[in-house]
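Comments concern the structure below.
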């Protein structure tokens, strides 16, 4: 997954214990000082890097200091989006929205001031008090999404940031961590989450995953890990995401749901819940993808099924046509109810 050969880092990064630990894991990597992790000449904004899309993800690591800390209200996957301990990813899902912000390169940036982030999150959770009104995020705990802009399971391959966060929520009353993942990292099974972390395995039909989920764990491997993570003390939910509409998509989803139902035990089923998210694509990302993975765009870019919608940031997104999508969402939710009746659909859109 990672063969780090170049580390871009902000000044004095080795003065942070976590920064020194990460540097020590890659002693042979070239170290390139930069003023800011957000502005690296030749890496971000360089159109020529589209040809090195996967190589950059595998061989480049960026280390920085998280300057601004805030827990943003969410209300879908979680009550709050926690301040990130990383952004970017070593995997290469062709529908991922994060590369839009980086410009032709999307390696992992890890933040080394973990103690400051942990302290902020503990104080924030303490200020919330007990959750007195249950909601679809969780009936009891305030839920904090840890991995909005990356994949925590991959981050745990090279940094103890994720383990520190899991340890934090294992001891916090009334608060729970949550992250989505497409990578099975069995090292996490040796930790002690004590029910304080929700792992959301992202799933889609295997054949579509082969086309779009590049450098990820196979769907069958993710399903096979569910029981083990539940037994290790994690809460495990599913992200049915993204749902990509194409000829025969409903038959493929029916097969996937049966695969889940047959592949997990009763203990996992009893605590199971899911999110359903239909594809949203982006015109700029579509153009970038044509330069490194055009085959995937045959599934993602479907003007015959999609309509344009300008995002709050002014970007041109495409989503499935409203009337059709409403029917498709209802059909998939009904399929989940029939095949996985104990799986609560937390939200679907």
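In the working numbering, the protein residues as written are 22 to 370.
C-beta atoms are modelled at their ideal positions from N, C-alpha and C, and glycine is treated no differently.
Proximity of residue i and residue j at Cβ, strictly below 8 Å
i           : j           : result
residue 178 : residue 22  : yes
residue 58  : residue 130 : yes
residue 289 : residue 251 : yes
residue 313 : residue 74  : yes
residue 193 : residue 106 : no
residue 166 : residue 245 : no
residue 180 : residue 43  : yes
residue 79  : residue 111 : yes
residue 228 : residue 205 : no
residue 297 : residue 361 : no
residue 197 : residue 172 : no
residue 293 : residue 363 : yes
Exposure of residue i, with buried meaning 16 or more beta-carbon neighbours within 10 Å
i           : result
residue 300 : buried
residue 343 : exposed
residue 305 : exposed
residue 127 : buried
residue 328 : exposed
residue 321 : buried
residue 18  : Outside the displayed span of the chain (22 to 370) sits residue 18, for which this structure offers no information.
residue 144 : exposed
residue 17  : No answer is possible for residue 17: the residues shown for the chain start at 22 and end at 370.
residue 267 : exposed
residue 271 : exposed
residue 331 : exposed
residue 231 : exposed
residue 154 : exposed
residue 40  : buried
Nearest candidate by alpha-carbon position, reference residue i, set the options
i           : options               : result
residue 98  : 286, 314, 219 and 318 : 219
residue 358 : 24, 335, 274 and 331  : 274
residue 324 : 95, 341, 146 and 228  : 341
residue 234 : 108, 103 and 318      : 318
residue 157 : 295, 134, 44 and 39   : 295
residue 203 : 56, 314 and 175       : 175
residue 137 : 367, 199, 88 and 146  : 88
residue 291 : 333, 365, 353 and 240 : 365
residue 71  : 115, 82 and 90        : 115
residue 101 : 91, 110, 108 and 109  : 91
residue 61  : 51, 135, 47 and 83    : 83
residue 134 : 297, 36 and 254       : 36
residue 240 : 277, 265 and 119      : 277
residue 146 : 191, 118 and 109      : 191
### Query
Is there contact between the segment 259 to 278 and the segment 212 to 223, where contact requires at least three CB pairs shorter than 8 Å?
yes
Point to revise | Inter-stretch contact at 8 Å, needing at least 3 Cβ pairs: the segment 195 to 215 / the segment 236 to 255 | key: yes
Counting Cβ pairs closer than 8 Å, one from the segment 130 to 139 and one from the segment 149 to 167, do we hit at least three? no
Any alpha helix (DSSP H) of 4 or more consecutive residues that is wholly inside the segment 253 to 290: 270 to 284
| request: Please list the segments of the beta strand (DSSP E) lying wholly inside the segment 75 to 122, counting only runs of 3 or more residues, in order along the chain. | output: 81 to 85
| query | Residue ranges of each alpha helix (DSSP H) run of no fewer than 4 residues wholly in the segment 316 to 368, ordered along the chain? | reply | 343 to 360
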